[in-house]
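Notes to accompany the following structure.
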Amino acid sequence: MQVQFNKRSISPSVFKKDDKIYFSTTVFSPVRYNLNFGEGMMPVEQMKSVLEQCAENAQDVEIEFTESQTKFGPVMQIFSVKPLPKKNPA
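FYI, in my numbering the residues of the sequence shown are 2 to 91.
Structure below.
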């Protein structure tokens, strides 16, 4: 069986509370998605580090993900993260 991932550019947000870091993003209308991490394509700690750094620098990233709905709302399960070049103001 072959799994196909979706691909999307997002602006990550980071919220730190106690010793935990929470990642999220807002998409379209706006819908807020919780971000979870899947193993396999990229190490989880590396994905978290890239998202945290890009959130601090207001830099968009491209993610490969699956999408699902939980009792807490929509969730993106992320399998890879790639920083996108910053856009130069015209």
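Ideal placement from N, C-alpha and C gives every residue a C-beta, glycine not left out.
Would you kindly work out how many angstroms separate the C-alpha atoms of residue i and residue j, rounded to a whole number?
i: phenylalanine 6; j: lysine 18; result: 30 angstroms
i: glutamate 46; j: asparagine 37; result: 12 angstroms
i: threonine 67; j: methionine 48; result: 15 angstroms
i: valine 51; j: threonine 71; result: 25 angstroms
DSSP on residue i, reduced to helix/strand/coil?
i: serine 12; result: coil
i: leucine 1; result: Because the chain here runs from 2 to 91, residue 1 falls outside it and cannot be looked at.
i: glutamate 65; result: strand
i: glutamine 70; result: strand
Between which two residues does the beta strand (DSSP E) holding residue i run?
i: glutamine 78; result: 74-84
i: lysine 21; result: 21-28
i: asparagine 37; result: 32-38
For residue i, collect the residues of the same chain with a Cβ closer than 6 angstroms to its Cβ; drop the 5 residues on either side in sequence, then sort them by chain order.
i: glutamate 53; result: Val15
i: serine 69; result: Val76
For residue i, collect the residues of the same chain with a Cβ closer than 7 angstroms to its Cβ; drop the 5 residues on either side in sequence, then sort them by chain order.
i: tyrosine 34; result: Ser25, Thr26, Val28, Pro75, Val76 and Met77
Where does residue i land, buried or exposed, given buried means 16+ other C-beta within 10 angstroms?
i: phenylalanine 80; result: buried
i: proline 86; result: exposed
Closer than 8 angstroms by C-beta to residue i: which residues in its own chain qualify, once you throw out the five before and the five after it? Chain order, please.
i: methionine 42; result: Glu65, Phe80 and Ser81
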